[in-house]
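A.B. asks: Residue numbers (the numbering used here), protein chains in the order written: chain H, 1 to 166; chain G, 1001 to 1486.
For each residue, glycine too, the CB sits at the ideal point set by N, CA and C.
All figures in this text were calculated on a predicted structure; none of them were measured in a lab.
Before anything else, here's the structure in question.
Dropping the structure here:
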């Protein structure tokens, strides 16, 4: 993936560079930040994460499965215990809840992995070890004829280093 | 993640705004992100003290393992069980470790949902404590078996006639609850660690260690896409973990409350157990975090304000636990039930009075010292108190288990219980096992969440005079001139 990477030490410089790049429609932008910041969320203006949909759907599947297990077990060999009904929903709520949390929680994590495209075997182009420390990075996946313009924008806003990646 | 700090004009003049959490409030001595990496990274270097502590832990664990081998050879009778008390130190210690395990995730998850500022300093320790405590607790049902190699009988699966275990039994709920809890807690710990492992990966020089860290970090790059999904997933996991903790320790309490024995058959048990778990967990967090703070010079990160806030939570849960103790007596007194009344009289004035009074002193009386702000901000006192809390909470479980079994309805069910050296050896071994894992953890992975601490440090600005289009999140803390948080 060819493109241009800029490393910034100041957050406002990085945010203004993103705004300028978006104004000039220069291509896909990836921001690297050592910690999540609202400033970047606002500048990038991405839609909300879809993780919540997986959480809801698998949580509902989990609670259904969690109730089904004891109901099926009880019904498979029906023995009356303590004069109670064969399938009693009150004690089975415990299993329903636990399985909901288990499946919903694990689905949330796997959805996060899938949507974030991890696990990743190699660090992709445009990443620099400084971006987990104290620097912010902007990688622009751009056409060859726009590379100079992107470099100019990044430098104008005070990038400490600008380099071409391929 | 944590409530983030607004950008600051420069690291030397942090923003002082009322009701806005800033580095000046949370971490006044931390200048920039690089310092966080350096300071927390320093905790990974082995020291003589670390080797000494690890050696002691391994020695204790080996002692426990040797004792267990002896018990397997001699049979469970070596452990001091005799009718009518067939649950003793192993079940007491199982509930003790489960309780400590529950508090860790609760401290992490519930304080995250409530955006409690002091969480950032202590939550990694709490989460690691949770996982290792549940691992320790998980040993005890197996240690309690005469034939431990048949441990898989504990898993609820059908027998050869395809009859399944009764799903209305609390012991079946326990298996589901504790396995779910262990899975979600381990996941919660690991997910929170991923960005920090990426930091270690990027700084590691040793190629073997670097490739291991690269695998563990899953190729994390700190991109906006990753953070966007990460923060949502972390929030939902916290939202799942909070009620999970409440449910799991309630289920553990049902192991007792569903039985008809005097002293056990009470509806107060679930909230009583949950409050006790949080209380004992905070005690163990103090036991671990205060020496760590001193040994690794982390006073700038685990501040006196953090200890003060955690102490208030400790005091509150102590009072809830104390109220539960008194309510039990009141209910027995007002019930008109001779067996209940006899049992509770026997608990405080009978053969188990010594244990009950240790429990009451450590869990109800000594924590009242935390009404003093001076003592809440005194790490030495908090550490000493935490040892008493650990002792008191172990004895709370002793008082729940042994007196009930030794004083049931009829005189032939009355008896006594004397733990043997085998019980004590395995109890000591469990502490060795727990601390061995914990010490190995702090040597390999950061004891504090670097990425979350960075959120609380105002980021560097190029144009401090220009208005940033950022969202200021209202906080609740602001220091006065003396640095005291109100």
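#1: Taking its Cβ as the centre, do 16 or more other Cβ atoms sit within 10 Å of residue 1352 (chain G), making it buried, or is it exposed?
#2: Thinking C-beta only, is residue 1191 (chain G) closer than 8 Å to residue 1217 (chain G)?
#3: Report back the beta-carbon spacing between residue 167 (chain H) and residue 133 (chain H) to the nearest angstrom; my notes put them in contact at under 8 Å.
#4: Any C-beta of chain G sitting closer than 8 Å to the C-beta of residue 155 (chain H)?
#5: How would you list, in chain order, the residues of chain H whose beta-carbon sits under 8 Å from the beta-carbon of residue 1101 (chain G)?
#6: Do residue 1343 (chain G) and residue 1262 (chain G) count as a contact pair if the criterion is CB distance below 8 Å?
#7: Can you check whether the CB of residue 11 (chain H) is closer than 8 Å to the CB of residue 29 (chain H)?
#8: Mapping DSSP to helix, strand and coil, what is residue 1093 (chain G)?
#9: I'd like to know if the region 1215-1230 of chain G and the region 101-109 of chain H are in contact, where contact means that at least 3 CB-CB pairs between them fall below 8 Å.
#10: Using a C-beta to C-beta distance shorter than 9 Å, which residues of chain H count as neighbours of residue 1488 (chain G)?
#11: Quick one: Cα of residue 1314 (chain G) to Cα of residue 1241 (chain G), how far?
#12: Indicate the three-state DSSP secondary structure (helix, strand or coil) for residue 1153 (chain G) in the structure shown.
#13: Using only the alpha-carbon positions, how far apart do residue 89 (chain H) and residue 1455 (chain G) sit?
#14: From residue 1301 (chain G) to residue 54 (chain H), what distance separates their C-alpha atoms?
#15: Across the region 114-123 of chain H and the region 70-80 of chain H, are there enough close Cβ pairs to call them in contact, namely three or more that are closer than 8 Å?
#16: Listed in chain order, which residues of the region 1212-1246 of chain G have Cβ atoms closer than 7 Å to some Cβ of chain H?
#17: Answer yes or no: does any C-beta atom of chain G fall closer than 8 Å to that of residue 67 (chain H)?
#18: Between the Cα of residue 82 (chain H) and those of G:1055, G:1258, G:1213, spot the shortest distance and give me the residue it belongs to.
#19: Which first and last residues belong to the beta strand (DSSP E) in which residue 141 (chain H) is found?
#20: Mind checking which residues open and close the alpha helix (DSSP H) that includes residue 1130 (chain G)?
#21: Assuming the contact rule is C-beta atoms closer than 8 Å, residue 1247 (chain G) and residue 1133 (chain G) should be a hit. Round their C-beta distance to whole Å, please.
#22: Between the alpha carbons of residue 1012 (chain G) and residue 1279 (chain G), how many angstroms are there, rounded?
#23: Work out the CA separation of residue 1160 (chain G) and residue 77 (chain H) for me, nearest whole Å.
#24: With a Cβ-Cβ cutoff of 8 Å, do residue 1143 (chain G) and residue 1090 (chain G) count as a contact?
#25: Counting only Cβ-Cβ distances shorter than 8 Å, please list the residues of the region 110-129 of chain H near chain G, keeping chain order.
#26: With a threshold of 8 Å between beta carbons, is residue 88 (chain H) in contact with chain G?
#27: Using a Cβ cut-off of 9 Å, pull out every chain H residue sitting near residue 1451 (chain G), in sequence order please.
#28: Just to check my reading of the structure: residue 150 (chain H) and residue 21 (chain H) have Cβ atoms closer than 8 Å, yes? What is that Cβ distance to the nearest angstrom?
#29: Helix, strand or coil for residue 1317 (chain G)? Go by DSSP, reduced to three states.
#30: Alpha carbon to alpha carbon, how far is residue 1022 (chain G) from residue 1310 (chain G)?
#31: For residue 1184 (chain G), which residues of its own chain have a beta-carbon under 8 Å away from its beta-carbon, when the five flanking residues on both sides are left out?
#32: From residue 1211 (chain G) to residue 1270 (chain G), what distance separates their C-alpha atoms?
#33: Among the residues of its own chain, which have a CB less than 7 Å from the CB of residue 1356 (chain G), if the five just before and after it don't count?
#34: Thinking just about the alpha-carbon of each residue, which of H:146, H:142, H:32, H:128 is nearest to the one in residue 1203 (chain G)?
#35: For residue 1201 (chain G), is the classification buried or exposed, using 16 other Cβ atoms within 10 angstroms of its Cβ as the cut-off for buried?
#36: Look at the Cβ atom of residue 1255 (chain G), then the Cβ atom of residue 1449 (chain G), and state whether they are nearer than 8 Å.
C.D. replies: The relevant details are as follows:
#1: That one is buried.
#2: No, the pair does not count as a contact, with Cβ atoms beyond the cut-off.
#3: Absent from the model: residue 167 (chain H). The displayed extent of chain H is 1 to 166, so no value can be given.
#4: When Cβ-Cβ separations below 8 Å define contact, residue 155 (chain H) makes no contact with chain G.
#5: Residues of chain H passing the Cβ test: none, with the nearest at roughly 16 Å.
#6: The beta carbons of residue 1262 (chain G) and residue 1343 (chain G) sit closer together than 8 Å.
#7: Between residue 29 (chain H) and residue 11 (chain H), the CB-CB gap reaches or exceeds 8 Å.
#8: Helix.
#9: Too few Cβ pairs lie closer than 8 Å, so no.
#10: There is simply no residue 1488 (chain G) to check, as chain G begins at 1001 and stops at 1486 in what is shown.
#11: A direct Cα-to-Cα measurement between residue 1314 (chain G) and residue 1241 (chain G) gives close to 20 Å.
#12: Residue 1153 (chain G) falls in the helix class under three-state DSSP.
#13: Using only the alpha carbons, I get a separation of about 45 Å.
#14: The straight-line gap from Cα to Cα measures roughly 36 Å.
#15: The count of Cβ pairs closer than 8 Å, one atom from the region 114-123 of chain H and one from the region 70-80 of chain H, stays below three, leaving the stretches out of contact.
#16: Going along the region 1212-1246 of chain G in chain order, one finds 1218, 1219, 1220, 1221, 1222, 1223, 1224, 1225, 1226, 1227, 1228, 1229, 1230, 1231, 1232, 1233, 1236, 1237, 1240, 1244 with a Cβ nearer than 7 Å to chain H.
#17: No, its Cβ sits nowhere closer than 8 Å to a Cβ of chain G.
#18: Out of G:1055, G:1258, G:1213, G:1258 has the C-alpha closest to the C-alpha of residue 82 (chain H).
#19: Taken as a continuous stretch (DSSP letters only), the beta strand (DSSP E) holding residue 141 (chain H) covers 136-141.
#20: Note, residue 1130 (chain G): alpha helix (DSSP H), 1119-1143.
#21: Contact flag wrong, Cβ pair sits at about 17 Å.
#22: Since pLDDT at residue 1012 (chain G) reaches only 46, below the 50 mark, its modelled position is unreliable, and the value read off the structure follows with that caveat. Cα to Cα, the separation comes out at about 39 Å.
#23: For residue 77 (chain H) and residue 1160 (chain G), the distance between alpha carbons rounds to 13 Å.
#24: At a Cβ-Cβ threshold of 8 Å, residue 1143 (chain G) and residue 1090 (chain G) count as neighbours.
#25: So the close ones are 111, 112, 113, 115, 116, 117, 118, 119, 120, 121, 122, 123, 124, 127, 129.
#26: Under the Cβ criterion of 8 Å, residue 88 (chain H) is counted among the residues facing chain G.
#27: By Cβ distance, chain H contributes 34, 35, 36, 132.
#28: By a beta-carbon distance limit of 8 Å, residue 150 (chain H) contacts residue 21 (chain H). Their separation comes to about 7 Å.
#29: The DSSP-derived three-state label of residue 1317 (chain G) is helix.
#30: Legend: pLDDT at residue 1022 (chain G) = 46, less than 50; position of this residue unreliable, no value from coordinates given.
#31: For residue 1184 (chain G), where only same-chain residues beyond five positions count, the Cβ hits under 8 Å are 1105, 1237, 1240, 1241, 1244.
#32: Using only the alpha carbons, I get a separation of about 46 Å.
#33: For residue 1356 (chain G), where only same-chain residues beyond five positions count, the Cβ hits under 7 Å are 1347, 1348, 1399.
#34: Minimum Cα distance to residue 1203 (chain G) is reached at H:128.
#35: By the neighbour-count rule (16 or more Cβ atoms within 10 Å), residue 1201 (chain G) is buried.
#36: For the pair residue 1255 (chain G) and residue 1449 (chain G), the CB atoms are not nearer than the 8 Å cut-off.
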